[in-house]
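There are 2 protein chains.
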Amino acid sequence: MNLNLEEISKKCRGDILTMTTVAQSGHPGGSMSSIDILVSLYSFARVFPNDPWNEDRDRIIVSHGHISPAVYSTLAAYGFINREEVLTGFRHPSSIFEGHITRGIPGVEWTTGNLGQGLSAGVGMALAGKLKNKDYHVYVVMSDGESAKGQVAEARRTANKYNLDNLTVIIDYNDIQISGRAREIMYVDLKKEYEAAGWNTLEINGHDFEQILSALKIAKNDGKPTAIIAHTIIGKGVSFMEDTPKYHGKPLSIEEFKKAIQELGLNIDIDKYIENRKKLPISEHKKLLLKYDVNINKGEFRTYTEKTDNRSALGRAIADLALINDNVVAVDCDLKSSVKLDFLDKERKDRLIEIGVQEHNAAALAGALSVEGFITFFADFGVFGIDETFNQHRLNAINNTNLKVVVTHCGTDVGEDGKTHHALNYVSAPLSWFGFKVIVPADPNQTDRAVRYVASEYGNFVIAMGRSKLEPIKKEDGSIFFDENYEFKYGKIDILRDGDDIVIITMGSIIPPALKAVDELRNEGIKVGLLNVSCPLDLDEEVLTRYTRNKVIVIEDHNVYNGLGTLIENKLFNLKIIPDKFVKIGIDRFPVSGNSNYLFKIYGFDSDSIKNKVKEILED
Amino acid sequence: MNLNLEEISKKCRGDILTMTTVAQSGHPGGSMSSIDILVSLYSFARVFPNDPWNEDRDRIIVSHGHISPAVYSTLAAYGFINREEVLTGFRHPSSIFEGHITRGIPGVEWTTGNLGQGLSAGVGMALAGKLKNKDYHVYVVMSDGESAKGQVAEARRTANKYNLDNLTVIIDYNDIQISGRAREIMYVDLKKEYEAAGWNTLEINGHDFEQILSALKIAKNDGKPTAIIAHTIIGKGVSFMEDTPKYHGKPLSIEEFKKAIQELGLNIDIDKYIENRKKLPISEHKKLLLKYDVNINKGEFRTYTEKTDNRSALGRAIADLALINDNVVAVDCDLKSSVKLDFLDKERKDRLIEIGVQEHNAAALAGALSVEGFITFFADFGVFGIDETFNQHRLNAINNTNLKVVVTHCGTDVGEDGKTHHALNYVSAPLSWFGFKVIVPADPNQTDRAVRYVASEYGNFVIAMGRSKLEPIKKEDGSIFFDENYEFKYGKIDILRDGDDIVIITMGSIIPPALKAVDELRNEGIKVGLLNVSCPLDLDEEVLTRYTRNKVIVIEDHNVYNGLGTLIENKLFNLKIIPDKFVKIGIDRFPVSGNSNYLFKIYGFDSDSIKNKVKEILED
């Protein structure tokens, strides 16, 4: 068997060099140092080339996604993918074999490339295995350079906390990163750090198949998460490439290639691939968007008639869902009483994943849990769940996850905690994560329905809310607006009050003072329309067109430079509508700390300020 | 002396309870566990209440900024601030004594509140001390709960790498965080983790003054960065508060307060403060924006006449500046050859700070270096320097730093590395960091001047660029557009070509193909105007008004939903200008991997696509 692996590895080395030279792009150096590990791992693990997404498969995540040539050559060697296609199309826009490995290619579990984030995904999948009572094992292959990333330390501790004995990490320790020796760039004592986090560690020669296989066997059965530190040589297998940083991100020239292939004792007709590549169309390949059918019972709606904070309606709805669906989980970052996951904690403790103050890891592992069939709520304060984890969500979006980011304490409604805690980008940031949808519910009833709605739809959502208790919105006749028959419809603008002297467009925490202002003005004979935009990224053109010809005020407890107001401006500009008067009210600087009632007054969000602004505009 | 400290601590405990009860908001529990540490530390450290910003002062950073009551009471006890003002104004909008401690309050070095980020700031200040040959010591006080944050691990290793023996961390180990026991929420083996990173560690009773002072003395002189693990009790000093999580973020009622004060043997007229607080105005306090005069020699401009990548012009200019100014540093995350800090590395190695794959820590410590008088360039790929470090820059902005975030490899111009590496938010994200300015230079000459310009201006800037080599822009007569006399002027739109059949507005990497298209169309008799917007966040209204009445195409290698095009839409909407035709071209989905020439073709950025689009619009 070992002889066989040696043969396979040698061929893979040839393919690594072929595809990078054909593409004239890519990372051969690290690919050559990792290849013996990958070839061993894919032979050792329970994987199914002809049924790659079999539920019982072991999961293999390669965190240093730039060694895609090594991954692709291994997958081709074991029959997951077509070798000719990879050698021809690697890094070509029409090919699925992108520069960094992409989830959806048979055998690839997670899109990586931004270093130090793969272990979190592995932890998520290992946790999912425990929650599903599946006996699959999760392997994460990563580089030494990326081991410095703090998120790795977070993931490590999480694996220890949840006793993830179904998780093995293999670190390709070639001691070379872009800028020089890894131990000099930023020294990480891998052994001590993993052991400090309660892991078992093994050290091996990463080019010795017997050692690799034996370590994998020990790791699988030692009852602990295990880190295998595999000492390797960058460029291994070709004399002039070995231990040379130069080939980290640089392919060989044709001349070098020929020399290398000869040294490997292989025979590859590179010209054929070069010629075939020229025939590829200059167009985008079809997107690989793995997803699954969501199967969920939305449960009984709750209708609130008393003043309630949206976050209680959120936490209540999540617990409701988890009580009647086994596939609902929530991830918390030491804020369970604030984000109201304490309902879930009391009623379905096994579905609450507590990660502590480790938001990057939490966001990434939540994404991974969600692709494992769990409808996953990642609950946090807005500043942590949006701003701090901006790139983790971008990567989740790239992975086409099924994540529900539910953030509370948004806006100045947080009050006294001040500017470090005022989340002001909950609408704008998700615009950067293609495919994410945003919902800002207006009251506890809309929150209840929005939570049940997002649980039933595959895809990534943000639900953002403030902190304060809000009066359930009522119609003019005093009955509940979002009543027991109300179902959430994504993209619908709610006309809370009709009126055409002037129209107020707003969302979230501003609804109560706006409604109060509108109703009081009505008593003074001023007819103000009030629109609730719960889906700011997908504006209802018909309603907007109808209500924005005259005078418009947009108010938002959000950054005024990139929030609801600007999105409406963009929409109206494209509809070629210029209202008679258009005023935006929002936050244009870091706010101060103070009771949210005071802050609402200072920033123009309270009902008196709104009434005054309406009168000022009407008198203008 | 110890008796004295005990007295001071007791009074501080009274003040902690007073200010939180008066404000009916805040975090008394952790304040009571940290207070003995703070009172000891401010007595031990070289600080100057009457000259708080003295250059030779020891720096004290409190990372768990929510224990502001402990910090304020200590500062009041030692005469840094006015006690009456704190007790009355704590967490009131008109008071500088916000919920989380704020840089600029005498004795407060860094605004904190988002946990786990203070140690990075401390590392930055300690590094600055070494670079300046100052013998001040840096102290970071932090909590146990936040020690789980990955950024702490990053900062720890950095301190070891740079032998920061002038850095001491004191951890308030009260073993309580919001959701329960710290060791249960997410276990961190503090001693082992710090020792794995090469630190000295000491364990003490955090309520024993002798032990605290003796540990501080050892830490100062042991020739290593040192972590003091101080075992404490939350709520310490008041029997019914001790070891009770309830008081983490909840103030005492008046009744509880009276009981507690009696137990402490103090006499505080709380009614006075409650009454005085009512008289405070409901308005924002004056912002505390510490800054300094920038003293820099901009050096000789370099004028490029040959095809050059902007990043080489960037790296060259940074090295030029560092060669003639001692106060210029650059921070790298293992990409020095790509972001072209290798010039600096060769010519002024002592000014290149290499942090490895630890972007969060790097961004935060760069901010701290910048407030220590260093004009600090934080160089990275766009996805890491913008997306991954989104919240770190938000916190830098809150701290009013003097940071120059210089990001390369932006947009699809990165090419084959694919969607994980395509930075598409380099214009939009900084809009969330109030005060940040963005520059997207058009060619190496504008890059050279922009770098020298930002170095000479106090404040936070992003300079964003692609990867490819660009032809220096030429005028129609063939001479260099940004020639040796050109100086960068923030906010100016450059009219690269005049023409009014249609106007193309663009920036950065799109300039070369746009210019080619415009010049070729001119030969066909079509007069196309070409505007270069290097400052997308501050649009020149006069030029825009002049050029946008007719037909407009905005092209950007950026997210089309929140970039240059939408900013222009917002501006035109507010100017009430609706062009005859307005077309936006940009990225609306995660792009594929491929040679940037191919990608430019696919996404409509190459000169042929641009020419076709112009003709299509004109024929429409």
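Chains as they are written, first to last, in this note's numbering: chain A, 864 to 1483; chain B, 864 to 1483. Note that beta-carbon positions come from the ideal geometry of N, C-alpha and C, so glycine has one too. Please read all numbers here as calculations on a predicted model, not as lab measurements.
Exposure of glutamate 1251 of chain A, with buried meaning 16 or more beta-carbon neighbours within 10 Å: Buried.
Is there contact here, the region 1448–1461 of chain B with the region 1457–1477 of chain A, by at least three beta-carbon pairs under 8 Å? In short, these stretches do not touch, since the Cβ pair count stays below three.
Counting only beta-carbon atoms, is methionine 1049 of chain B nearer than 8 Å to chain A? It does: the Cβ of methionine 1049 of chain B has a partner Cβ on chain A nearer than 8 Å.
C-alpha gap between leucine 982 of chain B and serine 1146 of chain B, whole angstroms: Going by the C-alpha atoms only, they are around 33 Å apart.
Please list the partners that aspartate 1280 of chain B has in chain A, where partner means a Cβ-to-Cβ separation under 8 Å. His929, Gly962, His963 and Gly976, listed in chain order.
Cβ of tyrosine 1167 of chain B within 8 Å of Cβ of asparagine 1308 of chain B? In this structure, asparagine 1308 of chain B lies closer than 8 Å to tyrosine 1167 of chain B by Cβ.
At a Cβ threshold of 8 Å, is leucine 1407 of chain B touching chain A? Taking Cβ atoms only, chain A never reaches closer than 8 Å to leucine 1407 of chain B, which makes this a no.
Can you list, in chain order, the residues of the region 1285–1305 of chain B whose Cβ is nearer than 9 Å to any Cβ on chain A? Listed in sequence order: Leu1287, Asn1288, Ser1291, Ala1292, Leu1294, Ser1295, Phe1297 and Gly1298.
Cα-Cα, which of B/Phe1206, B/Ala989, B/Gly1278 and B/Asp1007 is closest to serine 1233 of chain B? Checked all of B/Phe1206, B/Ala989, B/Gly1278 and B/Asp1007; the closest Cα to serine 1233 of chain B is B/Ala989.
In this structure, what does DSSP give as the bridge partners for cysteine 1273 of chain B? BP columns for cysteine 1273 of chain B point to B/Ala1286.
Out of A/Pro1114, A/Ile1218 and A/Asp1183, which one is the CA nearest neighbour of aspartate 1311 of chain A? Nearest in C-alpha terms to aspartate 1311 of chain A, of all of A/Pro1114, A/Ile1218 and A/Asp1183, is A/Asp1183.
Would you kindly check if the distance between the Cβ of proline 1442 of chain B and the Cβ of threonine 1411 of chain B is under 8 Å? Cβ distance < 8 Å, so threonine 1411 of chain B and proline 1442 of chain B count as in contact.
What runs of the beta strand (DSSP E), each 3 residues or longer, lie entirely inside the region 1043–1109 of chain B? Those beta strand (DSSP E) runs which fall completely within the region 1043–1109 of chain B and span 3+ residues are 1063–1068 and 1089–1094.
Terminal residues of the continuous beta strand (DSSP E) containing threonine 937 of chain A? Unbroken run through threonine 937 of chain A is the alpha helix (DSSP H), 931–940; no beta strand (DSSP E).
Cβ pair count under 8 Å reaching 3, the region 1198–1218 of chain B against the region 972–982 of chain B: Touching, no.
Under a CB-based cut-off of 8 Å, is phenylalanine 1241 of chain B close to chain A? False, the Cβ-Cβ gap to chain A never drops below 8 Å.
Can you tell me the Cα-Cα spacing of histidine 955 of chain A and leucine 1151 of chain A, whole angstroms? About 15 Å.
Would serine 1563 of chain A and aspartate 899 of chain A be called neighbours here (beta carbons separated by less than 8 Å)? Past the boundaries of the shown model lies residue 1563 of chain A; chain A is included only from 864 to 1483, so the question cannot be answered.
Quick one: what's isoleucine 1418 of chain A bridged to in DSSP? BP columns for isoleucine 1418 of chain A point to A/Ile1448.
Under a CB-based cut-off of 8 Å, is methionine 864 of chain B close to chain A? Its pLDDT being 47, under 50, methionine 864 of chain B is placed unreliably in this model, and the value from its coordinates should be taken loosely. Against chain A, the CB of methionine 864 of chain B has no partner CB under 8 Å away; the residue lies outside that interface.
Beta carbon proximity, lysine 1203 of chain A to chain B, threshold 8 Å: It does not: the Cβ of lysine 1203 of chain A has no partner Cβ on chain B nearer than 8 Å.
Leucine 1198 of chain A: contacting residues in chain B (beta-carbon distance under 7 Å): Correct list: Ile1041.
Go through its chain and collect everything with a Cβ distance to glycine 877 of chain A's Cβ below 7 Å, but skip five positions before and after it. For glycine 877 of chain A, where only same-chain residues beyond five positions count, the Cβ hits under 7 Å are Ile1124, Leu1127, Leu1129 and Ile1131.
Write down the C-beta distance between phenylalanine 1345 of chain B and leucine 1359 of chain B rounded to the nearest angstrom, noting that I regard them as a contact closer than 8 Å. Between phenylalanine 1345 of chain B and leucine 1359 of chain B a beta carbon distance of about 10 Å is seen, past the 8 Å cut, so the two are scored as non-contacting.
Ordered along the chain, which non-local residues of its own chain (more than five positions away) have a Cβ less than 7 Å from that of isoleucine 1336 of chain B? Ala1305, Asp1306, Phe1344, Phe1345, Leu1359, Ile1374 and Leu1378, listed in sequence order.
Quick one: what's got a C-beta closer than 6 Å to serine 1470 of chain A's C-beta in the same chain, skipping five residues either side? In chain order, Pro1376, Lys1379 and Ala1380 place their CB closer than 6 Å to the CB of serine 1470 of chain A, counting only its own chain and leaving out the 5 sequence neighbours on each side.
Closest to isoleucine 1033 of chain B by CA distance: which of B/Lys1142, B/Asp1451, B/Leu901 and B/Lys1338 is it? Distance from the Cα of isoleucine 1033 of chain B is smallest, within the candidate group B/Lys1142, B/Asp1451, B/Leu901 and B/Lys1338, for B/Leu901.
Per DSSP, what kind of secondary structure is arginine 966 of chain B in: helix, strand or coil? Collapsing the DSSP output to three states places arginine 966 of chain B in a strand.
Do tyrosine 935 of chain B and phenylalanine 911 of chain B have their beta-carbon atoms positioned less than 8 Å apart in this structure? Against a cut-off of 8 Å, the Cβ pair of tyrosine 935 of chain B and phenylalanine 911 of chain B comes out as no contact.
Taking 8 Å as the cut-off, does the region 1395–1409 of chain B touch the region 1351–1358 of chain B (at least 3 CB pairs, one atom from each stretch)? Between the region 1351–1358 of chain B and the region 1395–1409 of chain B, the count of C-beta pairs closer than 8 Å reaches three or more; the two stretches touch.
Please list the terminal residues of the continuous beta strand (DSSP E) segment that includes aspartate 1038 of chain B. It is not in any beta strand (DSSP E) - aspartate 1038 of chain B carries neither H nor E in the DSSP assignment.
Using CA atoms only, rank isn't needed, just tell me which of B/His1285, B/Asp1280 and B/Lys1267 is closest to proline 1293 of chain B. Among B/His1285, B/Asp1280 and B/Lys1267, the Cα nearest to that of proline 1293 of chain B belongs to B/Lys1267.
Are the CB atoms of aspartate 1364 of chain B and lysine 1338 of chain B within a distance shorter than 8 Å? Judged by their CB atoms, lysine 1338 of chain B and aspartate 1364 of chain B are not nearer to each other than the 8 Å cut-off.
Please confirm whether serine 884 of chain A has its beta-carbon closer than 8 Å to some beta-carbon of chain B. Position check: residue 884 of chain A holds threonine in this sequence, whereas serine was assumed. Not closer than 8 Å to any Cβ of chain B, the Cβ of threonine 884 of chain A fails to qualify, so no.
For my contact list, valine 1004 of chain B and serine 888 of chain B are in at a C-beta cut-off of 8 Å; report their separation, rounded to the angstrom. Distance from valine 1004 of chain B to serine 888 of chain B at the Cβ level is roughly 22 Å; contact not present, criterion being Cβ atoms closer than 8 Å.
Taking the continuous beta strand (DSSP E) assigned at glycine 1392 of chain B, which residues delimit it? It spans 1391–1396 - the beta strand (DSSP E) in which glycine 1392 of chain B sits, taken as one unbroken run.
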